[in-house]
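What follows is a short report on a single structure.
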Amino acid sequence: MTNVSQEKDQAGIQNENWLKRHKTKMAVGAAALSLALPMAFQPMSENRKIATEAAPWVATGLVASEAVLLGGAAIMLAAAGSRIGNPLRIRGNLHRLKDANGTNAMRVGYAVHIAGAASWDAVLSVGVLELPKASWGLMAIPAYSVAITGVRAVALWPTLKKPSPFEAPKEEV
Numbered sequence: 019m020t021n022v023s024q025e026k027d028q029a030g031i032q033n034e035n036w037l038k039r040h041k042t043k044m045a046v047g048a049a050a051l052s053l054a055l056p057m058a059f060q061p062m063s064e065n066r067k068i069a070t071e072a073a074p075w076v077a078t079g080l081v082a083s084e085a086v087l088l089g090g091a092a093i094m095l096a097a098a099g100s101r102i103g104n105p106l107r108i109r110g111n112l113h114r115l116k117d118a119n120g121t122n123a124m125r126v127g128y129a130v131h132i133a134g135a136a137s138w139d140a141v142l143s144v145g146v147l148e149l150p151k152a153s154w155g156l157m158a159i160p161a162y163s164v165a166i167t168g169v170r171a172v173a174l175w176p177t178l179k180k181p182s183p184f185e186a187p188k189e190e191v
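Numbering (our numbering), first residue to last: 19 to 191.
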């Protein structure tokens, strides 16, 4: 009896691992299918009309959201100051960025960056909802973007904490 339950557990783990490995492919597949369905089942003139009505405000919203997102990233880089050196080789200088942790500029940059990312996702979601219902599978793109925003927010969270006054500053080697 335990062999059967172990086999079921193993099968569940394999399915979960498969989903983790192929989540991007599934999101792209859902988006492609959602683009193909309206083209197959609705007149092209109707699809073009819907897209041209929504395009100006969606494009404007995405550009504004992207500007806010990049502005927040710029504020966070400014909080790091000259400690980063060449931004293209930031990985080698990450240990120097700890001086910017907990600063007000880092917090403001983080808030602006996440607000820009959230507004980008919201504008894209509303834009997808304006399309025919057969296209709503395109919501996989904003959903994937929301997940990436969440991961980025969790990754940046430790940089917002103020250093404890009880911790001695570490010397650079």
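For each residue, glycine too, the CB sits at the ideal point set by N, CA and C.
| Item | Value |
| --- | --- |
| Spatially closest choice to residue 53 from 74, 172, 167 and 151, by CA coordinates | 151 |
| Of the residues 129, 120, 124 and 137, the one placed nearest residue 81, counting alpha carbons only | 137 |
| Cβ contact check for the region 86-100 and the region 57-67: 3 or more pairs under 8 angstroms | no |
| Neighbour-count burial assignment, residue 42, 16 or more Cβ in a 10 Å radius | exposed |
| Nearest residue (CA-CA) to residue 179, options 155, 144 and 124 | 124 |
| 8 angstroms Cβ cutoff met for residue 159 and residue 72 | no |
| Three-state secondary structure assigned by DSSP to residue 131 | helix |
| Contained alpha helix (DSSP H) runs [length at least 4] in the region 52-76, N- to C-terminal order | none |
| Cα-Cα separation between residue 147 and residue 164, rounded to whole angstroms | 16 angstroms |
| Separation of residue 132 from residue 142, as counted between CA atoms | 15 angstroms |
| Reduced DSSP secondary structure (H/G/I, E/B, other) of residue 177 | helix |
| Close Cβ partners of residue 191 (< 7 angstroms) along its chain, the five nearest in sequence each way excluded | Unreliable placement is indicated for residue 191, whose pLDDT of 48 sits below 50; no coordinate value is reported for it. |
| Spatially closest choice to residue 153 from 99, 96, 94 and 48, by CA coordinates | 48 |
| Minimum C-alpha distance to residue 50 - residue among 65, 157 and 63 | 157 |
| Among 162, 161 and 119, nearest to residue 175 - alpha-carbon criterion | 119 |
| Residue closest to residue 171, alpha-carbon to alpha-carbon, out of 36, 55, 64 and 130 | 130 |
| Option in 168, 167 and 128 with minimal Cα separation from residue 93 | 128 |
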